[in-house]
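Heads up: the structure comes next, in structure tokens.
In this note's numbering, the protein residues as written are 212 to 423.
So, in structure tokens, the structure goes:
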């Protein structure tokens with residue numbers, strides 16, 4: 212799945228980014244505005260797509276004299292499908308949160324970062340996940356690893372993209388903080404929380420405990 216434009220999985224043409232913009236917009240937008248937000252094609256190409264979609268009734272056109280404003284016809288039979296396709300990233304995040312929420316050994320923190328959090332990437336980009344596990348004894352290791360393995364397979368099943376999981380214990384996270392590891396910035400800016408304690412809260416707690 213293209214992490215920048217998940218809708219292209221089903222609608223690989225310029226129609227995909229245009230529909231994604233329209234599905235997220237509350238008000239009518241001009242062709243130039245849609246082109247800018249879509250980040251694809253040309254202004255002329257976007258207008259051709261809009262004209263074609265308007266002919267199907269999926270897009271309404273409001274003539275304001277000096278400009279045309281386009282908006283998704285949310286009463287159209289296809290509109291709910293378009294809205295669902297436009298929210299594939301949100302659906303993925305919700306599914307991952309649900310799976311992790313059912314773990315027998317819950318993580319202290321779980322989030323996605325990297326391309327999926329930034330909303331960019333490519334067709335073969337990894338889905339990056341950060342898991343902070345509780346400090347544990349070896350008797351729990353097999354169950355924890357099984358949970359992580361199933362999560363990685365879930366990512367592949369849902370998206371076709373490989374999962375890259377960075378997992379570490381609370382103690383190891385504290386060590387990264389004490390060493391001012393640059394990877395902390397990758398984990399936090401930006402990231403999307405899945406479950407557990409917020410990463411910023413954990414880091415603040417560890418930082419407060421560091422010797423002055």
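Think of the CB as a built atom: it goes at the ideal place given N, C-alpha and C, for glycine as much as any other residue.
Going by DSSP, what residue range makes up the alpha helix (DSSP H) through residue i?
| i | result |
| --- | --- |
| residue 301 | 299 to 312 |
| residue 316 | Premise fails: residue 316 is in no alpha helix (DSSP H) and is neither H nor E. |
| residue 220 | Neither: residue 220 is in no alpha helix (DSSP H) and is coded neither H nor E. |
| residue 360 | 352 to 370 |
| residue 397 | 394 to 399 |
Between which two residues does the beta strand (DSSP E) containing residue i stretch?
| i | result |
| --- | --- |
| residue 327 | Note, residue 327: premise wrong, no beta strand (DSSP E); alpha helix (DSSP H) at 326 to 329. |
| residue 385 | No beta strand (DSSP E) contains residue 385, which is instead part of the alpha helix (DSSP H) from 381 to 389. |
| residue 344 | 338 to 344 |
Compare the C-alpha of residue i against each of the options and name the closest.
| i | options | result |
| --- | --- | --- |
| residue 314 | 298, 344 and 301 | 344 |
| residue 342 | 380, 354, 372 and 331 | 380 |
| residue 222 | 284, 255, 292 and 236 | 292 |
| residue 282 | 239, 346 and 354 | 239 |
| residue 372 | 336, 398, 390 and 288 | 336 |
| residue 417 | 406, 390, 301 and 280 | 390 |
| residue 368 | 251, 338 and 355 | 338 |
| residue 304 | 290, 287 and 370 | 370 |
| residue 280 | 220, 408, 286 and 246 | 246 |
| residue 468 | 375, 414, 404 and 407 | The requested residue 468 does not occur in the structure, where the chain is confined to residues 212 to 423. |
| residue 319 | 419, 404 and 219 | 404 |
DSSP state of residue i, grouped into three classes?
| i | result |
| --- | --- |
| residue 375 | strand |
| residue 225 | coil |
| residue 414 | helix |
| residue 407 | strand |
| residue 334 | coil |
| residue 240 | strand |
For the region 384 to 395 and the region 356 to 376, state whether three or more C-beta atom pairs, one from each stretch, are separated by less than 8 Å. The region 384 to 395 is not in contact with the region 356 to 376.
Ignoring anything shorter than 3 residues or poking outside the region 250 to 297, list the beta strand (DSSP E) runs there in chain order. Taking 3 residues as the shortest admissible run, the region 250 to 297 contains the following complete beta strand (DSSP E) segments, listed from N- to C-terminal end: 270 to 274 and 279 to 283.
Cβ pair count under 8 Å reaching 3, the region 265 to 281 against the region 315 to 328: The region 265 to 281 is not in contact with the region 315 to 328.
Check whether the region 255 to 275 touches the region 298 to 311, taking contact to mean three or more Cβ pairs, one atom from each stretch, closer than 8 Å. No, because fewer than three Cβ pairs between the region 255 to 275 and the region 298 to 311 fall closer than 8 Å, the two stretches do not touch.
Contact between the region 256 to 268 and the region 228 to 238 (3+ Cβ pairs under 8 Å): The region 256 to 268 is in contact with the region 228 to 238.
Pair every Cβ in the region 325 to 337 with every Cβ in the region 213 to 220, then say whether three or more of these pairs are closer than 8 Å. In short, these stretches touch, since the Cβ pair count reaches three.
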